[in-house]
Ligand SMILES: NC(=O)c1ccc[n+]([C@@H]2O[C@H](COP(=O)([O-])OP(=O)(O)OC[C@H]3O[C@@H](n4cnc5c(N)ncnc54)[C@H](O)[C@@H]3O)[C@@H](O)[C@H]2O)c1
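What follows is the structure in structure tokens.
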């Protein structure tokens, strides 16, 4: 399989390594507006550096990996799909619901594979939670958080015109993950504030699921880099499922029953964070002709959910229905 990587920043360089490590897969080209970055990422694997997406597409990749800043994702995906190229896109699918719908419709029309970079669905800590739920663990309520230590790296991260807004970049991961675990979100309420950056860098949400479960979610971009940066606590009938970053999962199966902790900290980062398996799932999906990971519909629903949170925040926390 011939792969083109569009964006050679922090995450793009990582995806060059993830894709280049897969047998029978060749990263043929790496594109970045910054020529130095494109060359630095392309050189170690003998790929061709390119200045932009059009130049990348002239290298006839089977699939393009979109890893440029968020505001460019939708147009890049549409351009690649229209040229018959499969797309793996970093989150978010788009920074508006309208653009996300345009990508979804293009995926449906072209029949190309589209996978969203919701890597948490492949991380052992979260597949472990899903296994517990599939095994019968019930969840009535919960609380979760997802923080960043700062919003300075990369610099565009704190500019909502490029990121779409803090929740389009960070919170969207858990707003995809939790419906994957607990089923559809029915209604959101959200309050935000700008605390340390010009963007709304603090958000506190209440999520009501179709199942009736209630989850409180807080996320901020001005915490510290001291972990855990993310954490989920789900509660059932005197039971608990608690995650600690990507490192630990603790399950207490019932009243007076001992907690069982699984520790994933020895797993290498690309597997522990789900990057290596999400890449395998994407490539396998192309081979099999059916999605192996989060689809365009999943990506669209996550954008809809973030948009609903911002609409609620604009209305001082008024409930916004989703499903
Ligand atoms: N899934 C994850 O865990 C994860 C982690 C980090 C970043 N990301 C996502 O990856 C994407 C990239 O983030 P990053 O941290 O690598 O950012 P970055 O700023 O480090 O890299 C972005 C690169 O895109 C290039 N670029 C910008 N505009 C361009 C354009 N119009 N054409 C070509 N190149 C352009 C820049 O020169 C830069 O090298 C973002 O969408 C982000 O949300 C995902």
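In the working numbering, the protein residues as written are 35 to 357.
Cβ atoms here follow ideal geometry from the backbone N, Cα and C, with glycine treated the same way.
The structure presented is a predicted model; accordingly, all values stated were derived computationally and were not measured.
Candidates the options: closest to residue i by CA position
| i | options | result |
| --- | --- | --- |
| residue 329 | 240, 116, 134, 76 | 134 |
| residue 50 | 116, 92, 112, 122 | 122 |
| residue 116 | 136, 293, 334, 347 | 136 |
| residue 31 | 223, 162, 151 | Because the chain spans 35 through 357 in this model, residue 31 falls outside it and cannot be assessed. |
| residue 173 | 276, 319, 320, 258 | 276 |
| residue 22 | 201, 103, 192 | Since the first residue shown for the chain is 35 and the last is 357, residue 22 is missing from the structure and cannot be characterised. |
| residue 39 | 186, 100, 68 | 100 |
| residue 89 | 65, 111, 307, 41 | 65 |
| residue 260 | 53, 182, 176 | 182 |
| residue 76 | 161, 56, 48 | 48 |
| residue 43 | 56, 58, 70, 55 | 70 |
| residue 263 | 184, 59, 147, 57 | 184 |
| residue 59 | 127, 313, 208, 166 | 313 |
| residue 141 | 84, 119, 153 | 119 |
| residue 171 | 333, 342, 286 | 286 |
| residue 233 | 186, 207, 245 | 186 |
| residue 288 | 166, 343, 224 | 166 |
| residue 352 | 56, 321, 224, 322 | 224 |
Residue i to residue j span [Cα, whole Å]
| i | j | result |
| --- | --- | --- |
| residue 72 | residue 86 | 10 Å |
| residue 338 | residue 131 | 6 Å |
| residue 80 | residue 299 | 33 Å |
| residue 297 | residue 143 | 43 Å |
| residue 335 | residue 214 | 11 Å |
| residue 293 | residue 267 | 14 Å |
| residue 129 | residue 194 | 9 Å |
| residue 226 | residue 238 | 6 Å |
| residue 211 | residue 228 | 25 Å |
| residue 26 | residue 46 | This structure does not reach residue 26, given that the chain is present from 35 up to 357, and the question cannot be answered. |
| residue 41 | residue 190 | 14 Å |
| residue 231 | residue 94 | 41 Å |
| residue 281 | residue 158 | 9 Å |
| residue 252 | residue 345 | 17 Å |
| residue 247 | residue 205 | 19 Å |
| residue 258 | residue 199 | 20 Å |
| residue 219 | residue 331 | 15 Å |
| residue 311 | residue 290 | 36 Å |
| residue 106 | residue 340 | 18 Å |
| residue 74 | residue 68 | 10 Å |
| residue 164 | residue 209 | 15 Å |
| residue 102 | residue 54 | 19 Å |
| residue 98 | residue 168 | 34 Å |
| residue 146 | residue 349 | 38 Å |
| residue 240 | residue 324 | 34 Å |
| residue 153 | residue 333 | 12 Å |
| residue 306 | residue 84 | 31 Å |
| residue 365 | residue 56 | Summary: the structure shown does not reach residue 365, with the chain confined to residues 35 through 357, and so no result is reported for it. |
Span of the beta strand (DSSP E) around residue i
| i | result |
| --- | --- |
| residue 181 | 175–181 |
| residue 264 | 264–269 |
| residue 297 | 294–297 |
| residue 285 | 282–286 |
| residue 82 | 82–84 |
| residue 36 | 36–40 |
| residue 352 | It is not in any beta strand (DSSP E) - residue 352 carries neither H nor E in the DSSP assignment. |
| residue 274 | 274–278 |
| residue 150 | 148–150 |
Contact check, residue i vs residue j, beta carbons under 8 Å
| i | j | result |
| --- | --- | --- |
| residue 255 | residue 278 | no |
| residue 155 | residue 96 | no |
| residue 62 | residue 92 | no |
| residue 243 | residue 270 | no |
| residue 265 | residue 125 | no |
| residue 316 | residue 308 | no |
| residue 372 | residue 284 | Any question about residue 372 goes unanswered here, given that the chain covers just 35 to 357. |
| residue 222 | residue 356 | yes |
| residue 52 | residue 304 | yes |
| residue 175 | residue 104 | no |
| residue 139 | residue 319 | no |
| residue 127 | residue 108 | yes |
Delimiting residues of the alpha helix (DSSP H) encompassing residue i
| i | result |
| --- | --- |
| residue 138 | 131–144 |
| residue 311 | 309–322 |
| residue 44 | 44–54 |
| residue 67 | First-last for residue 67: undefined, no H or E at that position. |
| residue 335 | 330–348 |
| residue 162 | 158–168 |
| residue 306 | 303–306 |
CB contact below 8 Å: residue i versus chain D
| i | result |
| --- | --- |
| residue 329 | Among the chains of the structure shown, chain D does not appear; only one protein chain is present. |
Proximity test, residue i beta-carbon vs ligand 3 heavy atom, cut-off 7 Å
| i | result |
| --- | --- |
| residue 106 | Ligand 3 is absent from the structure shown, which contains only ligand 1. |
- Task: Scan the segment 88–125 and note each continuous beta strand (DSSP E) run of 3 residues or more that stays entirely inside, going in chain order.
- Result: 97–100, 120–123
- Task: Just list the beta strand (DSSP E) runs in the segment 187–251, keeping only unbroken ones of 3 residues or longer that don't cross its boundaries, in chain order.
- Result: 219–227, 236–243
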